[in-house]
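Just so we're aligned, residue 409 is where the sequence shown starts under this note's numbering, counting upward by one. Backbone N, C-alpha and C fix where the C-beta goes; we use that ideal spot for every residue, glycine too.
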Amino acid sequence: MKLPKPRFKGELSLEEVIKKRRTVRSFLKKPLPLDYFAQLLWAGYGITEGFRRTVPSAGALYPMDLYAAIG
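Take a look at the structure:
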């Protein structure tokens, strides 16, 4: 499945996002839009340039994979 490319410029600054962060335990019963889902996947383990990713890895080995369980 081809996903939309990640966005690198958001509407809020990092500081604003951190300040507004809240835990939410009630969820809407509507699907998450594909572009939001793709952005979450990229932020969790996406490729930034070459073989580099959005997460650290000793020796740049990246021994883990990210899977999405959809149902």
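Through-space distance from residue j to residue i, alpha-carbon basis
{"i": "G467", "j": "F459", "result": "12 Å"}
{"i": "D473", "j": "R461", "result": "11 Å"}
{"i": "K417", "j": "E423", "result": "14 Å"}
{"i": "G479", "j": "E457", "result": "31 Å"}
{"i": "V425", "j": "P439", "result": "23 Å"}
According to DSSP, residues forming a beta bridge with residue i
{"i": "E457", "result": "R460"}
Expected contact under 8 Å - CB spacing of residue i and residue j to nearest Å
{"i": "D443", "j": "P464", "result": "Actually they do not touch by this definition, with Cβ atoms about 26 Å apart."}
{"i": "P414", "j": "Q447", "result": "6 Å"}
Range of the contiguous alpha helix (DSSP H) that encloses residue i
{"i": "K413", "result": "Here K413 belongs to no alpha helix (DSSP H), and DSSP marks it neither H nor E."}
{"i": "K428", "result": "422-428"}
Note to self: Three Cβ pairs or more, each shorter than 8 Å: is that satisfied between the segment 429-440 and the segment 449-463?
What the structure shows: Result no; under three Cβ-Cβ pairs closer than 8 Å.
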